[in-house]
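Asks: The structure that follows is given in the form of structure tokens.
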Amino acid sequence: MSNLPPLPQSQPQPQPPETPPWETPSSKWYSPIYTPWRTTPRSTQSTPSTTPIALTEVIVSKSPLSHLKSPTTPKLDGVQAQSLNETMVLLRLRTSRTNPWIWCGAALCFIFSILLIVFGIATLILYFAVRPRTPVFDISNAKLNTILFESPVYFNGDMLLQLNFTNPNKKLNVRFENLMVELWFADTKIATQGVLPFSQRNGKTRLEPIRLISNLVFLPVNHILELRRQVTSNRIAYEIRSNFKVKAIFGIIHYSYMLHGSCQLQLSSPPAGGLVYRNCTTKRW
Numbered sequence: 001m002s003n004l005p006p007l008p009q010s011q012p013q014p015q016p017p018e019t020p021p022w023e024t025p026s027s028k029w030y031s032p033i034y035t036p037w038r039t040t041p042r043s044t045q046s047t048p049s050t051t052p053i054a055l056t057e058v059i060v061s062k063s064p065l066s067h068l069k070s071p072t073t074p075k076l077d078g079v080q081a082q083s084l085n086e087t088m089v090l091l092r093l094r095t096s097r098t099n100p101w102i103w104c105g106a107a108l109c110f111i112f113s114i115l116l117i118v119f120g121i122a123t124l125i126l127y128f129a130v131r132p133r134t135p136v137f138d139i140s141n142a143k144l145n146t147i148l149f150e151s152p153v154y155f156n157g158d159m160l161l162q163l164n165f166t167n168p169n170k171k172l173n174v175r176f177e178n179l180m181v182e183l184w185f186a187d188t189k190i191a192t193q194g195v196l197p198f199s200q201r202n203g204k205t206r207l208e209p210i211r212l213i214s215n216l217v218f219l220p221v222n223h224i225l226e227l228r229r230q231v232t233s234n235r236i237a238y239e240i241r242s243n244f245k246v247k248a249i250f251g252i253i254h255y256s257y258m259l260h261g262s263c264q265l266q267l268s269s270p271p272a273g274g275l276v277y278r279n280c281t282t283k284r285w
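Per UniProt numbering: the sequence shown = residues 1 to 285.
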């Protein structure tokens, strides 16, 4: 028993430190920079900025397994190519070509815009060079021949008018078309007469006689009473309305517009029936 070797004495094992001397993922990413158990301060340097790359480019970067020996590419024309893992390959994507129909549409729009601008400038030049003016509608003379009351609500009338059409333009000839002359009393139409189309040179005046006949025209009782009162007072008020189309002619250029003429008339009672007062206006519409 005494010849047995002595048993080795167990040495006390060191106690682990309270804080680990290594960096754990939680201490590295989710803990503040300065903590009691960190052995090394966290780096405050920012990551290097990358170079902006176009959207049509693809970059093939260095392989993550760079520590492994990578194969080399074969020699081309006696030149040893670099290792694929040591280089960065820049590839450019092929962009799609524009459809030819789109180019045709853009060309047509461009030509149309140019023509529109040219015609606009030409119209302005023509307008300021010609300075078109509106023809004038007027009444030179009028005569009321008869007014007969056939019944309490019907009457007959006969009137002669001498219309005056004037073209004040110095460089434009005009043509009057679709002429219609109407006779009104108290906002009621009592007679209508058309006029044949005619042409008129610049700066000229044309007199056109017409006859307006009212044959058994119905009027409300209050209008009949008002007409009787005016005949008795020797002052009868009428209104002449005329709508017609005017076509302006300047060489090969023609354009048309509508005119509305209105005249307020006062005539004496028949049989004299002379024109006492008139006021005429001509407007575009």
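Just so you know, even glycine gets a beta-carbon here, dropped at the ideal spot from N, CA and C.
Determine the burial state of Leu68: buried for a count of at least 16 other Cβ atoms within 10 Å of its Cβ, exposed for fewer.
Replies: Unreliable positioning characterises Leu68 in this predicted model, as indicated by a pLDDT of 49, which lies under 50. The coordinate reading is nonetheless provided below. Exposed, by the Cβ-count rule.
Asks: Taking the C-alpha atoms as reference points, what is the distance between His223 and Ala186?
Replies: Rounded to the nearest angstrom, the two C-alpha atoms are 7 Å apart.
Asks: With DSSP as the reference, label Leu203 as helix, strand or coil.
Replies: Checking the sequence shown, residue 203 turns out to be Gly, not Leu. Reduced to three states, the DSSP call for Gly203 is coil.
Asks: I need the DSSP call for Ile117, collapsed to helix, strand or coil.
Replies: Helix.
Asks: Do Gln162 and Val181 have their C-beta atoms within less than 7 Å of each other?
Replies: Result no, Cβ atoms of Gln162 and Val181 do not sit closer than 7 Å.
Asks: Using 10 angstroms around the beta-carbon of Ser113, count the other beta-carbons present and answer buried if the total reaches 16, otherwise exposed.
Replies: Under this definition Ser113 is an exposed residue.
Asks: Does Leu196 pass the burial test, meaning 16 or more other C-beta atoms within 10 Å, or should it be called exposed?
Replies: That one is exposed.
Asks: State buried or exposed for residue 354, treating a residue as buried only when at least 16 other CB atoms are found within 10 Å of its CB.
Replies: Beyond the ends of the chain as shown, which are 1 and 285, falls residue 354; an answer cannot be given.
Asks: Please state whether the Cβ-Cβ distance between Glu239 and Trp184 is less than 7 Å.
Replies: In contact: Glu239 and Trp184 (Cβ atoms closer than 7 Å).
Asks: Could you give the residue range of the beta strand (DSSP E) that holds Lys241?
Replies: The question names Lys, but residue 241 in the sequence shown is Arg. Looking at the DSSP string, the run of the beta strand (DSSP E) that includes Arg241 is Ile236 to Phe250.
Asks: Figure out for me which residue from Leu259, Lys170 and Arg278 has the closest Cα to the Cα of Gly267.
Replies: Position check: residue 267 holds Leu in this sequence, whereas Gly was assumed. Selected option, being the one with the closest Cα: Arg278.
Asks: Between the alpha carbons of Leu108 and Thr98, how many angstroms are there, rounded?
Replies: Answer to the nearest angstrom: the Cα atoms are 16 Å apart.
Asks: Could you say if the stretch 253 to 266 and the stretch 207 to 225 meet the contact criterion of at least three C-beta pairs nearer than 8 Å?
Replies: With a cut-off of 8 Å, the stretch 207 to 225 and the stretch 253 to 266 do not count as touching, because too few Cβ pairs lie within range.
Asks: Please confirm if the stretch 118 to 129 is in contact with the stretch 154 to 169, defined as three or more CB-CB distances below 8 Å between the two stretches.
Replies: No, the stretch 118 to 129 is not in contact with the stretch 154 to 169.
Asks: What residue does the beta strand (DSSP E) around Thr134 start on, and which one ends it?
Replies: Where Thr134 is concerned, there is no enclosing beta strand (DSSP E), given that its DSSP letter is neither H nor E.
Asks: Please report how far the alpha carbon of Lys245 lies from the alpha carbon of Thr282, in whole angstroms.
Replies: Looking at the two C-alpha atoms, the distance is approximately 12 Å.
Asks: Using 8 Å for Cβ pairs, my map puts Asn173 next to Asn215. What's the rounded Cβ distance?
Replies: At roughly 38 Å, the Cβ-Cβ gap does not stay under 8 Å, so Asn173 and Asn215 are not in contact.
Asks: Among the candidates Tyr257, Ser140 and Leu225, whose CA atom is the shortest distance from the CA of Leu179?
Replies: Among Tyr257, Ser140 and Leu225, the Cα nearest to that of Leu179 belongs to Tyr257.
Asks: Check each candidate in Asn169, Pro220, Thr232 and Ser96 and name the one with the smallest Cα separation from Phe128.
Replies: Closest by alpha carbon: Asn169.
Asks: Using CA atoms only, rank isn't needed, just tell me which of Ile252, Val217, Tyr255 and Ala248 is closest to Leu148.
Replies: Answer by Cα proximity: Val217.
Asks: Using beta-carbon positions only, say whether Val136 and Lys171 come within less than 7 Å of one another.
Replies: No, Cβ-Cβ distance for Val136 and Lys171 is not below 7 Å.
Asks: Look at the Cβ atom of Lys143, then the Cβ atom of Gly251, and state whether they are nearer than 7 Å.
Replies: The answer is no: Cβ separation not under 7 Å.
Asks: Return the chain-ordered list of same chain residues with a C-beta closer than 6 Å to the C-beta of Lys204, the five sequence neighbours on each side being excluded.
Replies: For Lys204, where only same-chain residues beyond five positions count, the Cβ hits under 6 Å are Asn167.
Asks: Buried or exposed for Leu259, please, with buried defined as at least 16 other CB atoms from any protein chain shown within 10 angstroms of its CB.
Replies: By the neighbour-count rule (16 or more Cβ atoms within 10 Å), Leu259 is buried.
Asks: For Leu275 and Val231, what's the separation of their Cα atoms in angstroms?
Replies: Computed Cα separation, rounded: 14 Å.
Asks: Look at Pro270 and Thr134 and say whether their C-beta atoms are less than 7 Å apart.
Replies: Taking 7 Å as the Cβ cut-off, Pro270 and Thr134 do not qualify as a contacting pair.
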